[in-house]
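The listed protein sequences derive, respectively, from chains A and Z.
Going from the first sequence to the numbering used here is simple: count from 1 and add 24.
Going from the second sequence to the numbering used here is simple: count from 1 and add 1.
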Amino acid sequence: MGTQSEATRLVDRDRDVISRRIFHDPDIYERELELIFRKSWLLVGHESQIPNVGDFFLSRMGEDQVILSRSKDGKANVFLNTCRHKGMRVCRYDEGNTKLFHCPYHSWTYDLNGDLRGVPERESYPESFNRKDWGLIKVAKVATFRGTVWATWNSDAPAFEDYLGDAKEGLWYGLGAWDGGDGEVEVYGGVQKWNIPCNWKFVSENSGGDPLHNISHRSTDLSKIGPREGVGRRDPFGELFLTATGNGHGLIFERVPLDKPREHYQLSRITSEYFEDCWRRRVARLGEKAGSPMVLANIFPNAGFHTQQPRALIMAHPAGPRACQAWRMFFVDKDAPQEAKDFLRSYYISYSGPGGMTEQDDMENWNYASEGARVRAAQGAPFSYVANTGSYSDPFIPGKVSKWWMTERNNVAFYHAWADRLGY
Amino acid sequence: MDKTLTVEDLLLAREVEEFLYREADTIDSRHFEEWLALFTDDIRYWVPIRKNLAFNQRFEDATDEHQTAWIDDNHMTLTARVYQVMTKIHWAEEPLSRVSHLVTNVLIDRIEEGERGAEIVVKSKLLVRRSRMEEAGEMIVGRREDRIRRTGDGLRICSRKILIDQATLSAKNLSFFL
Numbered sequence: 025m026g027t028q029s030e031a032t033r034l035v036d037r038d039r040d041v042i043s044r045r046i047f048h049d050p051d052i053y054e055r056e057l058e059l060i061f062r063k064s065w066l067l068v069g070h071e072s073q074i075p076n077v078g079d080f081f082l083s084r085m086g087e088d089q090v091i092l093s094r095s096k097d098g099k100a101n102v103f104l105n106t107c108r109h110k111g112m113r114v115c116r117y118d119e120g121n122t123k124l125f126h127c128p129y130h131s132w133t134y135d136l137n138g139d140l141r142g143v144p145e146r147e148s149y150p151e152s153f154n155r156k157d158w159g160l161i162k163v164a165k166v167a168t169f170r171g172t173v174w175a176t177w178n179s180d181a182p183a184f185e186d187y188l189g190d191a192k193e194g195l196w197y198g199l200g201a202w203d204g205g206d207g208e209v210e211v212y213g214g215v216q217k218w219n220i221p222c223n224w225k226f227v228s229e230n231s232g233g234d235p236l237h238n239i240s241h242r243s244t245d246l247s248k249i250g251p252r253e254g255v256g257r258r259d260p261f262g263e264l265f266l267t268a269t270g271n272g273h274g275l276i277f278e279r280v281p282l283d284k285p286r287e288h289y290q291l292s293r294i295t296s297e298y299f300e301d302c303w304r305r306r307v308a309r310l311g312e313k314a315g316s317p318m319v320l321a322n323i324f325p326n327a328g329f330h331t332q333q334p335r336a337l338i339m340a341h342p343a344g345p346r347a348c349q350a351w352r353m354f355f356v357d358k359d360a361p362q363e364a365k366d367f368l369r370s371y372y373i374s375y376s377g378p379g380g381m382t383e384q385d386d387m388e389n390w391n392y393a394s395e396g397a398r399v400r401a402a403q404g405a406p407f408s409y410v411a412n413t414g415s416y417s418d419p420f421i422p423g424k425v426s427k428w429w430m431t432e433r434n435n436v437a438f439y440h441a442w443a444d445r446l447g448y
Numbered sequence: 002m003d004k005t006l007t008v009e010d011l012l013l014a015r016e017v018e019e020f021l022y023r024e025a026d027t028i029d030s031r032h033f034e035e036w037l038a039l040f041t042d043d044i045r046y047w048v049p050i051r052k053n054l055a056f057n058q059r060f061e062d063a064t065d066e067h068q069t070a071w072i073d074d075n076h077m078t079l080t081a082r083v084y085q086v087m088t089k090i091h092w093a094e095e096p097l098s099r100v101s102h103l104v105t106n107v108l109i110d111r112i113e114e115g116e117r118g119a120e121i122v123v124k125s126k127l128l129v130r131r132s133r134m135e136e137a138g139e140m141i142v143g144r145r146e147d148r149i150r151r152t153g154d155g156l157r158i159c160s161r162k163i164l165i166d167q168a169t170l171s172a173k174n175l176s177f178f179l
């Protein structure tokens with residue numbers, strides 16, 4: 025591995041084709057876990073899931089379970105959920121509030137920072153046993169960004185906002201209140217977690233830059249599940265633009281006229297009025313920039329964001345070369361009226377997740393595309409990523425922006441970053 | 002358990018069982034529109050998410066009505082689901098999955114007066130098996146609480162809550178009807 029000929033075969037930068045092997049090969053998967061998931065910034069949760077001191081939320085980084093906790097100093101901490109003594113889980117609950125994590129096995133006890141506080145039968149341990157050496161294994165860095173919490177095992181990782189680079193501004197507004205101000209969002213209680221028999225990269229592609237699969241959602245559009253009478257799966261949207269801003273991140277922006285009301289969410293009067301009011305304030309605050317919101321993104325490697333319709337944090341945790349554990353967390357303006365929160369919640373889950381009328385078809389596609397990747401007699405026939413509509417510079421959208429949205433440039437950029445990380 | 006059942010109780014229990022079995026047979030035999038007609042227009046079809054929580058939260062381990070769920074349909078979205086299957090291009094269900102609903106432990110819990118008449122509150126256990134393509138498929142087990150109202154057309158379901166016995170779903174999607 026790592027030779028030039030291998031690189032040509034796996035990610036062909038001249039022809040924009042990608043080997044089927046990267047979607048099923050166990051050795052490549054192991055390298056991904058080591059060189060991508062142990063080196064990159066990974067999304068672990070949202071601050072609204074741990075608002076108070078003592079709150080904790082079980083999350084994952086790659087295949088490993090981590091605890092996200094709020095310690096007495098108010099900080100968000102991330103450490104592995106495996107006892108330093110014999111590996112048992114020290115936290116057995118998906119969420120909750122506690123002062124200490126007690127390991128059920130031999131009762132080693134840790135605090136909200138992950139530090140070892142006590143072991144039973146202390147007198148039988150040697151003098152040299154120092155509690156400080158036996159804390160839960162902590163990540164190298166934690167960062168918070170607009171409510172989201174990120175962590176990395178890589179002490180040499182760049183500062184999180186530098187890692188985001190030009191994706192930062194779009195994501196900042198995408199993860200904030202509708203009115204484009206400093207207002208916060210909150211994650212609805214409960215996380216959708218389910219196992220999909222697919223390689224994790226199909227999910228990243230989907231979040232960050234695969235508009236060509238729009239056609240597979242025709243049945244949803246025909247079924248008119250959108251939040252306004254007679255629309256397809258969403259309210260009418262503007263022109264879409266794709267941009268890959270570096271580090272493998274892929275973003276999709278929308279452009280809508282500023283001089284007209286949006287007329288969104290008309291099935292719920294309260295939601296519609298709240299949204300229109302937010303929209304007016306957004307335009308007043310941001311001017312022309314208001315008309316170019318980010319609507320979708322994948323932050324390399326596997327943090328996906330739906331920031332408009334629906335609004336969701338998307339995680340596709342790798343669980344073997346042929347499986348991933350998908351998580352969906354939906355979010356909403358903290359200040360929205362309760363009736364709007366309830367209406368949006370229903371709409372979001374009718375769209376998204378395993379019960380979502382749109383995404384069910386995605387899972388079917390990812391499932392059988394992953395199967396197709398391993399077809400033995402097809403290993404010499406790489407996947408096509410050639411769609412390319414050219415690029416230009418836009419005053420409100422960062423990077424090299426694709427003029428026409430049916431392009432695969434974002435996913436090409438994803439795989440270039442992927443190959444760089446693996447040394448291919 | 003502390004009251005003696007009357008003949009009327011037994012007749013009602015049998016009638017409700019028969020209705021739920023017929024409903025299961027209707028959906029398993031793929032008569033989607035007939036199945037949809039067994040729900041009232043104010044139906045709430047709700048599948049909350051279960052969580053791994055401490056013992057003292059054992060009665061509140063499912064997401065509440067303001068939180069995320071697997072599915073939370075009203076009549077409009079339930080109708081859209083039926084419509085979507087019938088577009089013949091809903092790829093998660095084209096070709097259709099083979100599905101069996103095993104409904105058991107049917108209990109008439111109580112009868113309550115609702116805004117639109119008496120509602121029979123019925124608990125039952127559900128085992129759903131889905132297979133598609135050449136795959137063995139997935140099995141989902143859970144318990145249901147239905148509210149059933151007597152209408153001019155017969156019994157109709159006006160509320161359904163399904164608690165799946167999994168916190169992490171072992172199905173790639175819920176494109177079939179639970």
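We put the beta carbon where it would ideally sit given N, CA and C, even for glycine.
All values reported here derive from a predicted model rather than from experimental measurement.
Per DSSP, cross-strand counterpart(s) of residue i
{"i": "residue 118/Z", "result": "115/Z"}
{"i": "residue 64/Z", "result": "For residue 64/Z, which the question treats as bridged, DSSP gives no partner whatsoever."}
{"i": "residue 28/Z", "result": "According to DSSP, which records beta bridges pairwise, residue 28/Z is partnered with nothing at all."}
{"i": "residue 74/Z", "result": "46/Z"}
{"i": "residue 14/Z", "result": "Note: residue 14/Z sits in no beta bridge, so no partner."}
{"i": "residue 40/Z", "result": "158/Z"}
{"i": "residue 263/A", "result": "279/A"}
{"i": "residue 110/Z", "result": "In DSSP, residue 110/Z forms no bridge with anything."}
Straight-line Cα distance separating residue j from residue i
{"i": "residue 342/A", "j": "residue 63/A", "result": "15 Å"}
{"i": "residue 246/A", "j": "residue 90/Z", "result": "10 Å"}
{"i": "residue 7/A", "j": "residue 194/A", "result": "Not covered by the structure: residue 7/A. The range shown for chain A is 25 to 448."}
{"i": "residue 26/Z", "j": "residue 127/Z", "result": "13 Å"}
{"i": "residue 178/Z", "j": "residue 10/Z", "result": "30 Å"}
{"i": "residue 119/A", "j": "residue 82/A", "result": "6 Å"}
{"i": "residue 126/A", "j": "residue 154/A", "result": "18 Å"}
{"i": "residue 283/A", "j": "residue 298/A", "result": "18 Å"}
{"i": "residue 155/Z", "j": "residue 80/Z", "result": "20 Å"}
{"i": "residue 338/A", "j": "residue 355/A", "result": "11 Å"}
{"i": "residue 440/A", "j": "residue 37/A", "result": "8 Å"}
{"i": "residue 293/A", "j": "residue 364/A", "result": "9 Å"}
{"i": "residue 25/A", "j": "residue 72/Z", "result": "Because residue 25/A carries a pLDDT of 46, less than 50, the predicted location of this residue cannot be relied on, and the following value inherits that uncertainty. If you take the alpha carbons of residue 25/A and residue 72/Z, they lie about 45 Å apart."}
{"i": "residue 65/A", "j": "residue 103/A", "result": "14 Å"}
{"i": "residue 110/Z", "j": "residue 83/Z", "result": "30 Å"}
{"i": "residue 38/Z", "j": "residue 54/Z", "result": "38 Å"}
{"i": "residue 259/A", "j": "residue 105/Z", "result": "42 Å"}
{"i": "residue 143/A", "j": "residue 80/A", "result": "22 Å"}
{"i": "residue 159/A", "j": "residue 116/A", "result": "18 Å"}
{"i": "residue 163/Z", "j": "residue 371/A", "result": "19 Å"}
Proximity of residue i and residue j at Cβ, strictly below 8 Å
{"i": "residue 173/Z", "j": "residue 112/A", "result": "no"}
{"i": "residue 157/Z", "j": "residue 40/Z", "result": "yes"}
{"i": "residue 382/A", "j": "residue 242/A", "result": "no"}
{"i": "residue 34/A", "j": "residue 401/A", "result": "no"}
{"i": "residue 397/A", "j": "residue 272/A", "result": "no"}
{"i": "residue 75/Z", "j": "residue 117/Z", "result": "no"}
{"i": "residue 435/A", "j": "residue 416/A", "result": "no"}
{"i": "residue 217/A", "j": "residue 349/A", "result": "yes"}
{"i": "residue 91/A", "j": "residue 105/A", "result": "yes"}
{"i": "residue 8/A", "j": "residue 213/A", "result": "Examination of residue 8/A is not possible in this model, given that chain A is present from 25 through 448 alone."}
{"i": "residue 316/A", "j": "residue 421/A", "result": "yes"}
{"i": "residue 48/Z", "j": "residue 165/Z", "result": "yes"}
{"i": "residue 211/A", "j": "residue 330/A", "result": "no"}
{"i": "residue 57/A", "j": "residue 98/A", "result": "no"}
Interfacial residues, the stretch 48-78 of chain A to chain Z, with Cβ spacing under 7 Å: none
Closer than 9 Å, Cβ to any Cβ of chain Z: which residues of the stretch 217-238 of chain A, in chain order? For the stretch 217-238 of chain A, residues whose beta-carbon sits nearer than 9 Å to a beta-carbon of chain Z comprise 217, 218, 219, 220, 221 and 222.
Proximal residues, the stretch 27-53 of chain Z versus chain A, C-beta separation under 8 Å: 48, 49, 50, 52 and 53
Suppose only complete runs of 4+ residues qualify. What are the alpha helix (DSSP H) ranges in the stretch 132-164 of chain Z, listed by chain order? Taking only runs of at least 4 residues, no alpha helix (DSSP H) segment lies wholly in the stretch 132-164 of chain Z.
Can you pull out the residues from the stretch 383-400 of chain A whose beta carbon lies closer than 8 Å to at least one beta carbon of chain Z? 383, 384, 385, 387, 388, 389 and 391
Listed in chain order, which residues of the stretch 79-112 of chain Z have Cβ atoms closer than 7 Å to some Cβ of chain A? 81, 82, 84, 85, 88, 90, 91, 92 and 93
In the stretch 57-69 of chain Z, which residues sit with their C-beta less than 9 Å from some C-beta in chain A, listed in chain order? 58, 63, 64, 65, 66, 67, 68 and 69
Check distances from the C-beta atoms of the stretch 109-123 of chain A to those of chain Z and list, in chain order, the residues that come in under 8 Å. 116, 117, 118, 119 and 120
Along the stretch 128-140 of chain Z, where does the CB come closer than 8 Å to a CB of chain A? Name the residues. For chain A, none of the residues of the stretch 128-140 of chain Z brings a beta carbon within less than 8 Å of one of its beta carbons.
At a CB distance below 8 Å, what residues from the stretch 156-174 of chain Z approach chain A? Give them in sequence order. Of all residues in the stretch 156-174 of chain Z, 168, 169, 170, 171, 172, 173 and 174 have a Cβ within less than 8 Å of some Cβ in chain A.
Minimum length 3: unbroken beta strand (DSSP E) runs contained in the stretch 119-188 of chain A: 119-121, 124-126, 133-135, 140-142, 165-169 and 172-176
Relative to chain Z, which residues along the stretch 358-370 of chain A have a C-beta separation below 8 Å, given in chain order? 362, 365, 366, 369 and 370
Tell me the start and end of each unbroken beta strand (DSSP E) in the stretch 392-442 of chain A that is at least 3 residues and wholly inside, in chain order. Runs of the beta strand (DSSP E) inside the stretch 392-442 of chain A: 424-426.
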